[in-house]
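Reading through the structure tokens given below for one structure.
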Amino acid sequence: MAADVLALSPEEQAMLAGAHGPAVQRAMEMVVALARIYGARGLVEIKSAQVAGVSYANIGDSGLAFLSHWADEGAKVRAPALLNPAGMDLQAWREMGVPEDFAAKQLALVQVYARMGVKATCTCAPYLLPTNPLPAL
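The structure is reproduced here in structure tokens:
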């Protein structure tokens, strides 16, 4: 097994230690775990993000509960973030025959993301939006 080469800045270390609250700590735990899996040497600042995991059909009650709890802890995006497509059309779901229970949970999921500061664009082509994501440096 390779030695851990991930170097965190003092601010990143503080976030990981919980100095900015449980929501930030949880986010850093996930980011650091993934960074270590991929052998990253450090983290990079992002200018924007596209958020996946939006369809209730994919994440179900457990995912909705996890994200709701995270939002309740005060989780907020730190860079502009846009939302991937949801599991249904958010306006015409009745006309499309989407069951009421599914629609309610899907709409709740989109609202949870909005509480965390994610814009509910619900698109897989954010680069076509007038406020498209910023390119990586």
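Residue numbers for the sequence shown, in the working numbering: 662 to 798. Heads up, the beta-carbon is just placed ideally off N, CA and C, and yes, glycines get one too. All values derive from a computational prediction rather than experimental measurement.
| Candidates M691, S709, L725, E734: which alpha carbon is nearest G682's? | E734
| Strand pairing of K780, partner residues [DSSP] | Note: K780 sits in a beta bridge opposite L743.
| Is DSSP giving M662 helix, strand or coil here? | Confidence at M662 is low in this model, with a pLDDT of 45, below 50, so the placement of that residue should be treated as unreliable; the coordinate-derived value is given next. Note: M662 maps to coil in three-state DSSP.
| query | Looking only at its own chain, which residues have a Cβ that is under 8 Å from the Cβ of A736, when we skip the five neighbours before and after it? | reply | A684, V685, R687, A688, M777
| Assuming L743 contacts P791 under a Cβ cut-off of 8 Å, what Cβ separation, rounded to an integer in Å, is found between them? | Rounded, the Cβ-Cβ distance is 12 Å, inconsistent with contact.
| Short Cβ contact (9 Å threshold) for P741 with A710 | yes
| message | Would L704 and A694 qualify as a contact pair, given that the criterion is a beta-carbon distance under 9 Å? | response | no
| In the structure shown, what three-state DSSP assignment does A736 receive? | coil
| Which partner residues of V610 appear in the DSSP bridge assignment? | One cannot answer for residue 610 here, as it falls past the ends of the chain, which runs 662 to 798.
| said: Measuring only from the beta carbon, is D750 closer than 8 Å to any heavy atom that is part of the ligand COA? | reply: Within the structure as shown, the ligand COA is missing, as the structure has no ligands at all.
| Where A799 falls: helix, strand or coil (DSSP) | Only positions 662 to 798 of the chain appear in this structure, which leaves residue 799 out of reach.
| request: Could you name the residues of the same chain whose beta carbon sits closer than 6 Å to that of M676, not counting the 5 residues immediately before and after it, in chain order? | output: V685, M689
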